[in-house]
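Engineer: Below: one structure in structure tokens.
Here's what the structure looks like:
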């Protein structure tokens, strides 16, 4: 059976590695993965149908060469810069974020069209809507306006979405997947951050009511959504020109998710210290004023807003993905419901530990 050529940008990253596994499981695709870093943990077991090429999305000439060689039918653009820590809610470093997320996306769109690709699936983020930190977002759908947000990441992803959707036409079909915060195998961000609160002695602190629901998504579910989007653009094309929210379809409070993760590491907080949201906000403001005086930037108010806000999309994963699987009703059955989630945590001693969460 002949295989369809797929090119993935960011193929060595957290999502990219899972994307390759999901695509290979269909036995339909030959894959070219480009990245600026070597392959991630787990990629060594991939067969020869996966080709790795080191290339930078900010180098149009390099992209043109790789795309011409790969001749992809569909491109999955998963490269992106996500500020972490205090940078998450800071506008410092905005130019670097925009350069990769916006300029890099335009370069990939241009390279895709020039090589004759039939379409492109763009990995965006729910932050294009929910990073408006002054508001809660409950039961969000694709009709909510994007881009009116307070973070460089959310702003950059919104502009990148515009470039991708503007490129959609009869010869080149595009769609956008707005992925919720991810966790899963080879996670180097979310799980280590949550686990780090144990050593920091901060697991007892609860900001606000801790009842605000938020969307998250298991990385395997996010990867499956991309596979379905690829198949759709190659066939019925019903999602061309659309942006879809991708999540587990099971909103959960951040506190409950953290408690479940800590439990799997053998830690259960002995007590809780509740900090009213208003008090936390004023502490953040005072801290940031002190930082301004001393020349040290603070973004704690943004962190408080992010933790205490509600942000989830309506309909759940099945409704969000129904259009993707309309030609094959059984195909949705493989979208995991995350009753059992396997995650990997990489600690400072370079030991991997498998974590299972039962919900």
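Residue numbers (our numbering): 48 to 406. All residues carry an ideal CB built from backbone N, CA and C; glycine is no exception.
1. Give every residue of the same chain whose Cβ lies closer than 7 Å to the Cβ of residue 151, excluding the five residues on either side of it in the sequence, and list them in chain order.
2. Three-state secondary structure (DSSP) at residue 245?
3. Report yes or no: do the segment 290 to 309 and the segment 75 to 85 share at least 3 C-beta pairs separated by less than 8 Å?
4. With 16 other CB atoms within 10 Å as the buried threshold, where does residue 227 fall?
5. Closest to residue 179 by CA distance: which of 164, 189, 200 and 290 is it?
6. Do you know whose CA, among 124, 130, 56 and 167, lies nearest residue 284's CA?
7. Determine whether the beta carbon atoms of residue 162 and residue 114 lie at a separation below 8 Å.
8. Enumerated in chain order, which unbroken segments of the beta strand (DSSP E) with a length of 3 residues or greater are wholly contained in the segment 176 to 206?
9. Could you tell me whether the segment 186 to 204 touches the segment 243 to 255, using the rule of 3 or more Cβ pairs below 8 Å?
10. Tell me whether the beta-carbon of residue 164 lies closer than 8 Å to the beta-carbon of residue 123.
11. Taking the DSSP output, what are the residues bridged to residue 265?
12. To the nearest angstrom, how far is the alpha carbon of residue 53 from that of residue 190?
13. Please list the segments of the beta strand (DSSP E) lying wholly inside the segment 78 to 134, counting only runs of 3 or more residues, in order along the chain.
14. Using DSSP with H/G/I as helix, E/B as strand and the rest coil, what is residue 260?
15. Going by CA-CA distance only, name the one from 212, 314, 194 and 219 that's closest to residue 242.
16. What do you get for residue 296, buried or exposed, if any count of 16 or more other CB atoms within 10 angstroms of its CB means buried?
17. If I measure Cβ to Cβ from residue 145 and keep anything under 6 Å in the same chain, skipping five residues before and after, which residues do I get?
18. Once the 5 residues before and after residue 298 are set aside, which same chain residues still bring their CB inside 7 Å of it?
19. Under three-state DSSP, which class holds residue 49?
20. Using a Cβ-Cβ cut-off of 6 Å (strictly less than) and excluding sequence neighbours within five positions of residue 321, which residues of its own chain qualify?
21. Restricting to Cα atoms, I'd like to know which of 300, 57, 128 and 214 is closest to residue 142.
22. Helix or strand or just coil, what does DSSP make of residue 222?
Structural biologist: Taking the definition as stated:
1. Stepping through the chain shown from its first residue, residue 151 is reached at position 104. 104, 105 and 126.
2. Counting from 1 along the chain shown, the entry for residue 245 is found at position 198. In this structure, residue 245 counts as helix in the three-state DSSP scheme.
3. no
4. For the purposes of this step, residue 227 is identified with residue 180 of the chain shown, where counting begins at 1. By the 10 Å Cβ count, residue 227 comes out buried.
5. For the purposes of this step, residue 179 is taken as the residue at position 132 of the chain shown. That would be 200, whose Cα lies nearest to the Cα of residue 179.
6. One-based indexing of the chain shown puts residue 284 at position 237. Residue 284 has its Cα closest to that of 167, out of 124, 130, 56 and 167.
7. Translated into positions along the chain shown, residue 162 becomes position 115. Translated into positions along the chain shown, residue 114 becomes position 67. Contact flag set, yes.
8. 184 to 187
9. no
10. Numbered from its first residue, the chain shown carries residue 164 at position 117. Numbered from its first residue, the chain shown carries residue 123 at position 76. Their beta carbons are not under 8 Å apart, which means residue 164 does not touch residue 123 by this criterion.
11. Within the chain shown, the letter at position 218 stands for residue 265. According to DSSP, residue 265 bridges with 230.
12. Position 6 of the chain shown, counting from 1, holds the residue named residue 53. Position 143 of the chain shown, counting from 1, holds the residue named residue 190. Spanning the two alpha carbons is a distance of roughly 30 Å.
13. 97 to 101 and 121 to 124
14. Looking up residue 260 in the chain shown gives position 213. If DSSP states are grouped into helix, strand and coil, residue 260 belongs with the strands.
15. To locate residue 242, count along the chain shown from 1; it is residue 195. The residue with the shortest Cα to Cα distance from residue 242 is 314.
16. In the chain shown, counting from the first residue as 1, residue 296 sits at position 249. Counting Cβ neighbours within 10 Å, residue 296 comes out buried, since at least 16 surround it.
17. The residue given as residue 145 occupies position 98 in the chain shown. Cβ within range, chain order: 203.
18. As a working note, residue 298 is residue 251 in the chain shown. So the qualifying residues of the chain are 260, 261, 262 and 359.
19. In the chain shown, counting from the first residue as 1, residue 49 sits at position 2. Correct three-state label for residue 49: coil.
20. Stepping through the chain shown from its first residue, residue 321 is reached at position 274. If we look at residue 321 and ignore the five residues flanking it on each side, its Cβ neighbours are 253.
21. Here the question's residue 142 lines up with position 95 in the chain shown. Ranking the options by Cα distance to residue 142, first place goes to 128.
22. Along the chain shown, read from residue 1 onward, the residue named residue 222 stands at position 175. Here residue 222 sits in strand by DSSP.
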